[in-house]
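Data block below; observations after.
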Amino acid sequence: MPFPEQRPRRLRRTPALRELARETRLAPADLVDALFVVEGSGVREPIAAMPGISRLSVDQLGDEAKRIADLGLGGVILFGIPARKDALGSGAYDADGVVPRAIRAMKKSTPELLVIADVCLCEYTDHGHCGVWDGHAVHNDETLPLLARAAVTAAEAGADVVAPSDMMDGRVRAIRSALDAAQLEDTVILSYAAKYASAFYGPFREAAESAPQSGDRRGYQMDPANAREALAEIETDLAEGADLVMVKPALPCLDIVRAARERISAPLFAYQVSGEYSMLQAAIERGWLESPRAIDESLLAIRRAGADRIISYFAKDFARRHRG
Ligand code: PBG
Numbered sequence: 010m011p012f013p014e015q016r017p018r019r020l021r022r023t024p025a026l027r028e029l030a031r032e033t034r035l036a037p038a039d040l041v042d043a044l045f046v047v048e049g050s051g052v053r054e055p056i057a058a059m060p061g062i063s064r065l066s067v068d069q070l071g072d073e074a075k076r077i078a079d080l081g082l083g084g085v086i087l088f089g090i091p092a093r094k095d096a097l098g099s100g101a102y103d104a105d106g107v108v109p110r111a112i113r114a115m116k117k118s119t120p121e122l123l124v125i126a127d128v129c130l131c132e133y134t135d136h137g138h139c140g141v142w143d144g145h146a147v148h149n150d151e152t153l154p155l156l157a158r159a160a161v162t163a164a165e166a167g168a169d170v171v172a173p174s175d176m177m178d179g180r181v182r183a184i185r186s187a188l189d190a191a192q193l194e195d196t197v198i199l200s201y202a203a204k205y206a207s208a209f210y211g212p213f214r215e216a217a218e219s220a221p222q223s224g225d226r227r228g229y230q231m232d233p234a235n236a237r238e239a240l241a242e243i244e245t246d247l248a249e250g251a252d253l254v255m256v257k258p259a260l261p262c263l264d265i266v267r268a269a270r271e272r273i274s275a276p277l278f279a280y281q282v283s284g285e286y287s288m289l290q291a292a293i294e295r296g297w298l299e300s301p302r303a304i305d306e307s308l309l310a311i312r313r314a315g316a317d318r319i320i321s322y323f324a325k326d327f328a329r330r331h332r333g
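Position in the sequence shown counted from 1, then plus 9, gives you this note's numbering.
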C-alpha cells in the first residue's frame, strides 16, 4: 500500500512502539562463551590480538563457570593450549590434558552449565594442522581415530557436547561410533559442518598458538566462494549422527546461516569468530564505531539470519548489559 495510507515511521516513533514492532530478540541464553585454557596456575594472560580476552589456567575455571552461569549464558566452549605439542597431537586425547581437567573443574563447581569441548588437533600438533600431516597434506582417514579418541576423552571428563572443528570427511560418524562403543551414547555432537577457510581466524591462531607452520587449511576447510557445498556438508553431518550443526564464521556467512535455517530442523549454531571480535574491538578502541551498539547489532544480525545459538567472545559483555 502506498503513502499516505502506509506510514511505516508510525511504529518507530517511541521506544514502546519500536518494542512492539520488534521481530528479533536476543537473550544471554542464546550466547555461548569461548575460553582458552592453559597449563599453570593463577594464570590470566591477556591475548594481544583479542583485547579483553585472556588465557586462563584450570584453577581459574571453577569461578569462571559460576560467573558464566550467573550471567545466564547458554554454555561455554573450551579450547586447550597444551604445554607440549607433537606430530600426532597427543595432548588432544590425554585424559590429564588441560581440557579434560578444565571440564572436571567446571562441572564440579557448576554442574548445570552446558560445557562444550572443541575437538581438533591443531592446538596440539607441532605442525599446527588439524590432522595427520605428511609435509604436503593432511591425511583424512588416519586422522579419524585420533579425533574419535579426543571426543571420547572429553566426554569421559564430563563434556555435555563435543564439537569437531577439523573438517575431515567422516569424522562425525567416527566420533559417534567411538562414543557409542564407550557407552557415551548420550554425548551430543555439535558439528562445525560448514566451516570456511577464513582469514577471520587469525587472532584465534595467535591465542591458541595453532597457526599452521607450513601450508594453509584450504585443503580441508571450505572455499568461501561456495554456498551449495555448505548445505551438502550440513546434511552429510546430520546423516552421520550430528545433533547440532554450526556455520563458521558468522557475519561473513549470514546467507549460509539463513539457507541452513530454512533447510534443516536441527538447532543451528553460528560462530562469531576471533577476527569478527577483534575487528569490532579495534574500531571501537579507535573511536570509529560506537560500543556497545555495534556489538549488539552484530549479534542481533546473526540471530535474525536464523542462528539459534551464537558462540561469541562478546557473550559475557552482552550478558552483563542485558541481565534479567
Ligand atoms: C580449530 C578451530 C579454529 C577456530 C575454532 N576451532 C581455528 C582454525 O580452524 O584455524 C577458530 C575460532 C576463532 O577464530 O575464533 N580448528
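Just so it is clear, CB atoms sit at the ideal spot from N, CA and C, and this is done for glycine as well.
8 Å Cβ cutoff met for residue i and residue j
i           : j           : result
residue 136 : residue 221 : yes
residue 129 : residue 205 : no
residue 108 : residue 116 : no
residue 218 : residue 56  : no
residue 86  : residue 166 : no
residue 300 : residue 293 : yes
residue 44  : residue 73  : yes
residue 268 : residue 242 : no
residue 37  : residue 314 : no
residue 122 : residue 78  : yes
residue 282 : residue 207 : yes
residue 190 : residue 126 : no
residue 230 : residue 60  : no
residue 175 : residue 139 : yes
residue 272 : residue 240 : yes
residue 82  : residue 111 : no
Cβ-heavy atom distance, residue i to ligand 1, below 7 Å
i           : result
residue 262 : no
residue 227 : no
residue 64  : no
residue 214 : yes
residue 98  : no
residue 141 : no
residue 127 : yes
residue 355 : What the structure shows of the chain is the stretch from 10 to 333, and residue 355 is not part of that stretch, so it cannot be assessed.
residue 107 : no
residue 200 : no
residue 282 : yes
residue 210 : yes
residue 118 : no
residue 219 : yes
Proximity to residue i [Cα-Cα], best of the options
i           : options              : result
residue 192 : 321, 91 and 160      : 160
residue 213 : 112, 247 and 321     : 321
residue 306 : 269, 277 and 259     : 259
residue 91  : 102, 157 and 314     : 102
residue 304 : 133, 314 and 324     : 324
residue 308 : 75, 285 and 239      : 285
residue 343 : 207, 156 and 151     : Outside the shown range of the chain (10 to 333) lies residue 343, about which nothing can therefore be said.
residue 134 : 146, 154, 118 and 99 : 99
residue 227 : 106, 10, 120 and 146 : 146
residue 162 : 196, 152 and 266     : 196
heavy atom of ligand 2 below 7 Å from residue i C-beta
i           : result
residue 138 : As for ligand 2, it is missing from this structure, which binds only ligand 1.
Q) What runs of the alpha helix (DSSP H), each 4 residues or longer, lie entirely inside the region 142–178? A) Every alpha helix (DSSP H) of 4 residues or more that sits fully in the region 142–178 is shown, in chain order, as 149–166.
(Q) Closer than 8 Å is the cut-off here; do at least three beta carbon pairs connect the region 310–318 with the region 275–294? (A) Three or more beta-carbon pairs separated by less than 8 Å link the region 310–318 to the region 275–294, which places the two stretches in contact.
(Q) Could you tell me which whole alpha helix (DSSP H) segments of length 4 or greater appear in the region 54–133? (A) Listed in chain order, they are 70–79 and 107–118.
**Q.** Stretch pair the region 93–110 + the region 231–248: three plus CB contacts closer than 8 Å
**A.** The region 93–110, when compared against the region 231–248, does not touch it at the 8 Å Cβ threshold.
(Q) Counting beta carbon pairs with one atom in the region 60–76 and one in the region 37–51, are three or more of them shorter than 8 Å? (A) Under the three-pair Cβ rule at 8 Å, the region 37–51 counts as touching the region 60–76.
Q: Entirely within the region 192–217 and at least 4 residues each: give me those alpha helix (DSSP H) ranges in chain order.
A: Taking 4 residues as the minimum length, the alpha helix (DSSP H) runs contained wholly in the region 192–217 are 211–216, in order along the chain.
Q: Could I get the ranges of all uninterrupted beta strand (DSSP E) runs contained in the region 248–296, with 3 residues as the minimum, in chain order?
A: The qualifying runs are 253–257 and 277–281.
Q: Check whether the region 27–36 touches the region 172–189, counting contact only when three or more Cβ pairs, one atom from each stretch, lie closer than 8 Å.
A: Because the criterion of three Cβ pairs below 8 Å is not met, the region 27–36 and the region 172–189 do not touch.
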